[in-house]
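Structure, as structure tokens:
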Amino acid sequence: MHSVRQPAVAGLFYPGSAQQLLKDVKQLLSDASQAQQHSPIQAKAIIVPHAGYIYSGSTAAKAFSALGPKASTIKRVVMVGPAHRVKLRGLAISDVQYFRTPLGDIPIDQEANSACLNLPEVQIMDSAHWQEHSLEVQLPFLQAVLEDFSLVPVIVGDSTSAEVQALLDLLWGGPETLIVISSDLSHFHDYSTAQYIDRSTCEAIEHFDLDHIDLKQACGSIGLKALLQAAKHRNMQVHTLGLCNSGDTSGDQERVVGYGSWAFTDKTQ
Numbered sequence: 055m056h057s058v059r060q061p062a063v064a065g066l067f068y069p070g071s072a073q074q075l076l077k078d079v080k081q082l083l084s085d086a087s088q089a090q091q092h093s094p095i096q097a098k099a100i101i102v103p104h105a106g107y108i109y110s111g112s113t114a115a116k117a118f119s120a121l122g123p124k125a126s127t128i129k130r131v132v133m134v135g136p137a138h139r140v141k142l143r144g145l146a147i148s149d150v151q152y153f154r155t156p157l158g159d160i161p162i163d164q165e166a167n168s169a170c171l172n173l174p175e176v177q178i179m180d181s182a183h184w185q186e187h188s189l190e191v192q193l194p195f196l197q198a199v200l201e202d203f204s205l206v207p208v209i210v211g212d213s214t215s216a217e218v219q220a221l222l223d224l225l226w227g228g229p230e231t232l233i234v235i236s237s238d239l240s241h242f243h244d245y246s247t248a249q250y251i252d253r254s255t256c257e258a259i260e261h262f263d264l265d266h267i268d269l270k271q272a273c274g275s276i277g278l279k280a281l282l283q284a285a286k287h288r289n290m291q292v293h294t295l296g297l298c299n300s301g302d303t304s305g306d307q308e309r310v311v312g313y314g315s316w317a318f319t320d321k322t323q
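Note that our numbering has the sequence shown beginning at 55, numbered continuously upward.
The following block contains the structure:
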């Protein structure tokens, strides 16, 4: 019998019906593709938000639609997101065999999981994954864009960007591997304050400026900074694809959450 991580936020953050979910995701991807001012950029790594689709789905879709025609070559996705529900030290992987969404089951890359356990900061902790949304909300996008692929889901707790970078370096691979970093931006400021903070964070990402990114600016800042370190080391370039906040999508501008999406490519593109 297969062990499966069941969806925790289907019907809450995104539709619980497979038919409606696929329709919504395809529409978000289509809208994002039409809005792009450039051709697909064949990203090696992306940063995406993790709120409900009505809030951040359009911003996330801009990154997933940027994977380009080589999306069919991606066979493994390494996903890194912050812990919201469970406190933990270090990084948590899961020993289930599949992660499930209404669109089907995604196999876990057990070989990569075993390799991760060679890092001292990595532990198996299924409880960190059961109710966590930061990775789950990305899965339907991946299922819509990619073909057959496996997953390496990693939840970040009390850790350092250097520890996360060690995991990214271990699993970086070639064009068969996509890195997905999940992070929202500023939380619960008024609209104009959020815009100012999030623009500053965006500029820091564009300039690989790790000193001006912290948990107050991005809840997934540890993974985000780890990706910036890894990408800078590989002389990659970053593309800002989208930047908004919940005031743009929900209308409430008193206490907003910021969202952004970025893609990282080789400088030859």
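Don't be surprised by glycine CBs; every beta carbon is placed ideally from N, CA and C.
The stretch 202 to 212 / the stretch 124 to 138 touching (three or more Cβ pairs under 8 Å): yes
Should GLY111 go down as buried or exposed, given a rule of 16 or more other Cβ atoms within 10 Å for buried? Position 57 of the sequence shown, counted from the start, is the residue given in the question as residue 111. GLY111 is buried by the Cβ-count criterion.
Going by DSSP, what residue range makes up the alpha helix (DSSP H) through ILE251? Along the sequence shown, one-based indexing puts residue 251 at 197. Run containing ILE251: 245 to 260, per the alpha helix (DSSP H) assignment.
What residue range does the beta strand (DSSP E) around LEU297 cover? As a first step, residue 297 is located in the sequence shown; it is residue number 243 there, counting from the start. Residues 291 to 299.
Cα-Cα, which of VAL58, VAL176, ILE267 is closest to ILE147? For the purposes of this step, residue 147 is taken as residue 93 along the sequence shown, with counting starting at 1. Comparing Cα positions, the closest option is VAL176.
Can you check the stretch 87 to 172 for any beta strand (DSSP E) of at least 3 residues that lies completely inside it and give the ranges in chain order? 99 to 102, 130 to 136, 145 to 147, 152 to 155, 158 to 161
Within a Cβ cutoff of 7 Å, which residues of the same chain sit near GLN219, ignoring the five residues on either side of it in sequence? Taking the sequence shown and counting its residues from 1, one reaches residue 219 at position 165. Correct list, in chain order: ALA280, GLN283, ALA284.
Residue environment, ARG59, which counts as buried when at least 16 other CB atoms sit within 10 Å: For this step, residue 59 is matched to residue 5 along the sequence shown. So ARG59 counts as buried.
Within this structure, are the beta carbons of HIS104 and SER236 separated by less than 9 Å? As a position in the sequence shown, residue 104 is number 50, starting the count at 1. As a position in the sequence shown, residue 236 is number 182, starting the count at 1. Yes, the pair counts as a contact, with Cβ atoms nearer than the cut-off.
For ARG59, which beta-bridge partners are listed by DSSP? Numbered from 1 along the sequence shown, position 5 holds the residue referred to as residue 59. BP columns for ARG59 point to PHE153.
Cβ-based neighbour list, ASP149, same chain, cut-off 6 Å, excluding 5 preceding and 5 following: Taking the first residue of the sequence shown as 1, we reach residue 149 at position 95. Cβ within range, chain order: ILE178.
Reference PHE195, options ALA182, ALA86, ASP252, ALA137, closest by Cα: Within the sequence shown, residue 195 is the residue found at index 141, counting from 1. Closest option to PHE195, Cα to Cα, is ALA86.
Does the ligand COA have a heavy atom nearer than 8 Å to the CB of ARG130? For the ligand COA, the structure offers nothing, since it holds no ligand at all.
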